[in-house]
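Peer 1: Chains as they are written, first to last, in the numbering used here: chain A, -9 to 772; chain B, 11 to 178. Every residue gets a Cβ at the ideal spot worked out from N, C-alpha and C, and that includes glycine. Okay, here's the structure, questions in a sec.
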Amino acid sequence: MTTEERHGVLRLEDLRLVQGRGRFIDDIRWPGMLQAVLVRSPHAHAEILDIDTRAAKAHPGVYLVWTAVDLGPVCQPVPCVFPHPSVHQARTHTPLARDVVRYVGEPVALVVAENRYVAEDAAELVEVRYRPLPAVVDLEAALRPEAPRVHADLPDNLAADGEKAYGDVAAAFRAADLIVRERLVVERGAASPIETRGVVAFPEADGTITVYDTTQTPVPTRQGLAQILGLPEEMLRVVVPDIGGAFGPKSTLFYPEEILIPLAAKALERPVKWIEDRREHFLATNQERGQIHDVALACLGDGTILGLTDDFLHDGGAYAVAGAILPIITATTLMGPYRIPAYRARYRVVYTNKTPVSPVRGAGRPQAVFVMERMLARLARELGLSPVAVRKKNLIPPEAMPYAMDITYQDEAPLVYDTGDYPKTLQLALDTIGYEQFLAKKAEAVGEGRMIGVGVACYVEGSGLGPYEGATVRITERGKVQVEAALSAQGQGQATMLAQITSEALGIRPQDVEVRLGDTAVSRYGLGTFASRTAVTAGSACHRAALAVKEELLRLAADALEVPVEELALSDGFVYARRDERRRISFAECAARKNPAWGPPPAAFRPGLEATEYFVPARSTFAHGVHAAIVEILPERLETRILRYVVVHDAGRILHREIVEGQIRGGVVQGIGWSLYERLRFDEEGQPLTTTFMDYLLPTAGEVPEIVIRHLESPTPLNPLGVKGVGEAGVIPVLACLAEALEDALGGQVFLREMPVDLDRLYAWMIETKCRRGSAGEGEGH
Amino acid sequence: MSVDDLQAAYTRAITVTVNGQRLTQEVPVRLLLSDFLRQTLGLTGTHVGCEHGVCGACTVLLDGEPVRSCLLLTPEVDGHSLTTIEGIGGPSGGLHPLQESFRRHFALQCGFCTPGILLSLYALLAEEPKPDEATVREVLSGHLCRCTGYASILRAVAAVTDGEGKEP
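What follows is the structure, given as structure tokens:
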């Protein structure tokens, strides 16, 4: 297959999606299906005094009203999904709140009724009496001794306290010519896919329950739910429908609804559906990003970094289902593509009375890159060097690869950057955005009164997380090629990716491959889609399975045609002899030989022309890239424009160019949102203030700049495809890149210490200080 | 009082043409148009993303004009005509040039926002067959997409308006 063909394969998913023939969770309808609505806490922290459900139960069309008391032994705290020794005080949620609510939106009661309208009517009739308690909202306040406790049985508000370190930090700081210290803050954002969450449960006559769930991880969900519900695994099936975007928080987190809906369906012996509405999504679907970093960077006078320390707080929200995985990712991403001889990052996960926190696209890495890149900018300022020069000084050179650091990554495997040419990538980004040319023309633009600036950010992304993933490739007796895998898709085109990999091995068209994903009745083992891992893991497994099937095809054909294997070729569903194309056998015939209805079969016979392979990554593979942006600020028009945005990325071998570019563009735009427009606000009592799309502003086509993408390919030896993950790449450096560009546009009068940038505050400050620009010195950070 | 009794007190018979087909239906007066389309008629191609009129996923055409079906109560469309994503394809189940172009230019990923966007663009092109990019971007800015970053959508539309798309 030519390069053009490989990069141009139309997605298998699109024909039905453009026609509106997707099958999303709310599209699932069934006669007799009931609908559920959750009653949620209006308080960030309160004691539940009592709940009166009588009026709700009496409402016509209501089938069930449950509170925690009605759940029996199921009402236990769910497991922590990412246990770790540093998580010393894990507290997780129960399916319905027992006695105390700890965030606005926490489920308190379940109502199941004839339809959603009746269920919502009845939900309003549930009377809950609360005694409000003081709420913990601010991270630093949460750690003061007098702070109210989110979990009363704990001595403080710490969920986890841990460290990632290597080298001799004390010596590094003693030897330093300069130590730069900063406090850097990243605020919460929401993944906010356009489709919200949902669960539909069907009880079957034999006692099994089929659960349709908008989950990224069907197998772990099935395993966990079976345990929580007290069912043997075989009695529970999880099936993933089409999902309208996920970006992290649709992973296995044992959301209350995932437990309650199957339970209700079983109790009522009727199918039950729950669909989250957008306000609920803003309250009760996990969020991420809140961190406060106290950083110190030690270096020599010429800008060479000697060591870095970071002591940071991570906002975990009310419950610690995600353990410490996010700060661990932050702490192991901070070093970036730079040589940091000595390093120590201490993290503390703090409980707050806010929506629980778990990975959202980027998963702790955007914060890490923001911190590192801001410190380099600070360093450059102190030493009077250019930000680019400081980066070039410290980049790990290609001859140092593979580059090992003496710590473990989030997968508990050694942290080793496998392949990549960081200086080359940086230079290509600078050339593509026209960095030098921009700086040359900048003085002129500033002279005209324009506030225009350029920024750069470098990142390294660990991807291809284990522990494993699998795929089955099969050729049926009709000659159809089938692929099955446990992972689920939320728009990334996994089916197309797997079809392409399979078709390349078997010499057929991707359109002729049938792919089935995300059904635990079909694929019993696997993890799912998260952490930029499916191309690496499922892709590699599929590749191996396809090659195994190919090997068997050739063997069967060699037997049937009486031609040696070396003289055979595959094309269009046939195996044929190269020297005489008329001598050939179809895939269907080969498969039929592996499924005889009568004997005798050969010795050592195994039916079926299929193979199941699993890929176990030895460790993560590290993609990397550089983003560059030119921005202009127009304070009188209350506008910030990104004039040009450049991405140079290297995710190893590119399997499908348009899918890769789509992931990057979507990620960059999400990153722009999280940098400039999207801000989750809570008041001092923990009340969420941004619960609609009118308060929480997702970027529209009007805010999106031209994004130029350049590809580099440093294949990895860690998997047979040479591929690295790319799903999160677009997001990761955007905060850092735009911070530097905005700062440059502000003429270096401000050091941006916080993301997202509060643009309104910035414009107000700019308008106020513009008349004093001549005398302005080092401005306050925003 | 049963649910049926309750509902009987608050229903209305409406007549509406949907994708060229005229139908009469008794509906609860408070039934959202999005729910009428999806639940009552089973036309699940129209999606619901926010129910407060911002994301645009629920966009359908009311007498040819784009509207947010999540913000309309079903009785409001009595006597009118509606077009949904199921109704814009070519004859005998083919694709509208916009749909084909979306495929060719990878203008969708999860596909959830796609039907709403297609309806808005369909209405735009019916009025203005060759809009400039600024106009397309303006129309598109009434829709939220979290996956694509919009560039591929703009390319897909440009391909149709520049005459590269095939006729149905």
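Can you tell me the Cα-Cα spacing of residue 744/A and residue 128/A, whole angstroms?
Peer 2: Cα to Cα, residue 744/A sits roughly 15 Å from residue 128/A.
Peer 1: Shortest alpha-carbon distance to residue 3/A belongs to which of 40/A, 458/A, 501/A, 554/A?
Peer 2: Of the candidates 40/A, 458/A, 501/A, 554/A, the one whose C-alpha sits nearest the C-alpha of residue 3/A is 501/A.
Peer 1: Going by C-alpha distance, which of 499/A, 523/A, 395/A is nearest residue 321/A?
Peer 2: Considering only alpha carbons, the answer is 395/A.
Peer 1: Cα-Cα, which of 183/A, 506/A, 26/A is closest to residue 689/A?
Peer 2: Among 183/A, 506/A, 26/A, the Cα nearest to that of residue 689/A is on 183/A.
Peer 1: Write down the C-beta distance between residue 613/A and residue 451/A rounded to the nearest angstrom, noting that I regard them as a contact closer than 8 Å.
Peer 2: Sure, about 5 Å apart at Cβ, within 8 Å.
Peer 1: For my contact list, residue 678/A and residue 272/A are in at a C-beta cut-off of 8 Å; report their separation, rounded to the angstrom.
Peer 2: Confirmed, Cβ separation roughly 6 Å.
Peer 1: Taking a contact to mean a Cβ-Cβ separation below 8 Å, would you say residue 29/A touches residue 99/A in this structure?
Peer 2: In this structure, residue 99/A lies closer than 8 Å to residue 29/A by Cβ.
Peer 1: What is the DSSP secondary structure of residue 766/A, counted as helix, strand or coil?
Peer 2: With a pLDDT of 37 at residue 766/A, under the threshold of 50, the modelled position of this residue cannot be trusted; read the value that follows with caution. In this structure, residue 766/A counts as coil in the three-state DSSP scheme.
Peer 1: Against residue 697/A, what residues of chain B qualify as contacts under a CB-to-CB distance less than 9 Å, listed in chain order?
Peer 2: Under the 9 Å cutoff, chain B gives 159, 161.
Peer 1: For residue 107/B, would you say it is in contact with chain A, using Cβ-to-Cβ distances shorter than 8 Å as the test?
Peer 2: Output row for residue 107/B: interface = no.
Peer 1: Using a Cβ cut-off of 8 Å (strictly closer), state whether residue 55/B contacts chain A.
Peer 2: So, interface residue.
Peer 1: Measure the C-alpha to C-alpha separation of residue 758/A and residue 623/A and round it to an integer number of angstroms.
Peer 2: The straight-line gap from Cα to Cα measures roughly 15 Å.
Peer 1: Examine chain A for any beta-carbon lying closer than 8 Å to the beta-carbon of residue 121/B, and answer yes or no.
Peer 2: So yes, residue 121/B belongs to the interface.
Peer 1: Residues of chain B with CB closer than 7 Å to the CB of residue 267/A, please, in chain order.
Peer 2: Correct list: 61.
Peer 1: Which residues in chain A sit within 9 Å of residue 165/B, going by Cβ to Cβ distance?
Peer 2: The premise fails here: residue 165/B is roughly 11 Å from chain A at the closest Cβ pair, so nothing lies under 9 Å.
Peer 1: Between the stretch 688 to 718 of chain A and chain B, which residues of the former have CB atoms less than 7 Å from a CB of the latter, in chain order?
Peer 2: Against chain B - using a Cβ distance shorter than 7 Å - the residues of the stretch 688 to 718 of chain A are 688, 690, 691, 692, 694, 697.
Peer 1: Check the Cβ-Cβ distances between residue 173/B and every residue of chain A, and say whether any is below 8 Å.
Peer 2: No, because no Cβ of chain A sits closer than 8 Å to the Cβ of residue 173/B.
Peer 1: What are the boundary residues of the beta strand (DSSP E) that residue 383/A is part of?
Peer 2: No beta strand (DSSP E) holds residue 383/A; the alpha helix (DSSP H) holding it covers 377 to 384.
Peer 1: Comparing C-alpha positions only, which one of 706/A, 750/A, 739/A, 606/A sits nearest to residue 406/A?
Peer 2: That would be 706/A, whose Cα lies nearest to the Cα of residue 406/A.
Peer 1: What did DSSP end up calling residue 214/A once you bin it into helix, strand or coil?
Peer 2: DSSP places residue 214/A in helix when its eight states are reduced to three.
Peer 1: Counting only C-beta atoms, is residue 30/B closer than 8 Å to chain A at any point?
Peer 2: No, residue 30/B does not count as interfacial toward chain A.
Peer 1: Buried or exposed for residue 20/B, please, with buried defined as at least 16 other CB atoms from any protein chain shown within 10 angstroms of its CB.
Peer 2: That one is exposed.
Peer 1: DSSP has residue 200/A in a bridge; who is on the other side?
Peer 2: According to DSSP, which records beta bridges pairwise, residue 200/A is partnered with 192/A, 227/A.
Peer 1: For the stretch 293 to 306 of chain A, list every residue whose C-beta sits within 7 Å of some C-beta in chain B, in sequence order.
Peer 2: The stretch 293 to 306 of chain A vs chain B, Cβ under 7 Å: nothing.
Peer 1: Give me the subset of the stretch 83 to 103 of chain B whose CB atoms are less than 8 Å from a CB atom of chain A, sorted by chain position.
Peer 2: Residues passing the 8 Å Cβ filter: 94, 95, 96, 99.
Peer 1: In three-state terms, what does DSSP make of residue 442/A?
Peer 2: In the structure shown, residue 442/A sits in a strand (DSSP, three-state: E or B).
Peer 1: Given a cut-off of 8 Å on the beta-carbon distance, is the pair residue 351/A and residue 660/A in contact?
Peer 2: Yes, the Cβ-Cβ distance between residue 351/A and residue 660/A is below 8 Å.
Peer 1: Going along chain B in order, which residues have a C-beta closer than 9 Å to the C-beta of residue 682/A?
Peer 2: Result: 60, 62, 64.
Peer 1: To be precise: take each residue of the stretch 54 to 72 of chain A, compare its Cβ to all Cβ atoms of chain B, and keep it if any distance is under 8 Å. Which residues remain?
Peer 2: If the cut-off is 8 Å between Cβ atoms, the stretch 54 to 72 of chain A has nothing near chain B.
Peer 1: Between residue 348/A and residue 312/A, is the Cβ-Cβ spacing less than 8 Å?
Peer 2: Contact: yes.
Peer 1: Judging by CA-CA distance, which residue of 210/A, 154/A, 239/A is the nearest neighbour of residue 187/A?
Peer 2: Considering only alpha carbons, the answer is 239/A.
Peer 1: Determine the contact status of residue 375/A and residue 293/A, defining contact as a CB-CB distance below 8 Å.
Peer 2: Taking 8 Å as the Cβ cut-off, residue 375/A and residue 293/A qualify as a contacting pair.
Peer 1: Return the chain-ordered list of same chain residues with a C-beta closer than 8 Å to the C-beta of residue 96/B, the five sequence neighbours on each side being excluded.
Peer 2: Closer than 8 Å at the Cβ level, and outside the excluded window around residue 96/B, lie 29, 53, 55.
Peer 1: By how many angstroms is the C-alpha of residue 233/A removed from the C-alpha of residue 6/A?
Peer 2: The alpha-carbon atoms of residue 6/A and residue 233/A are separated by roughly 14 Å.
Peer 1: Residue ranges of each beta strand (DSSP E) run of no fewer than 3 residues wholly in the stretch 500 to 537 of chain A, ordered along the chain?
Peer 2: For the stretch 500 to 537 of chain A, whole beta strand (DSSP E) runs of length 3 or above, ordered along the chain, are 503 to 507.
Peer 1: Our contact map puts residue 244/A next to residue 218/A with C-beta atoms below 8 Å; I'd like the distance itself, whole angstroms only.
Peer 2: Right, the Cβ-Cβ distance comes to about 7 Å (below 8 Å), so this counts as a contact.
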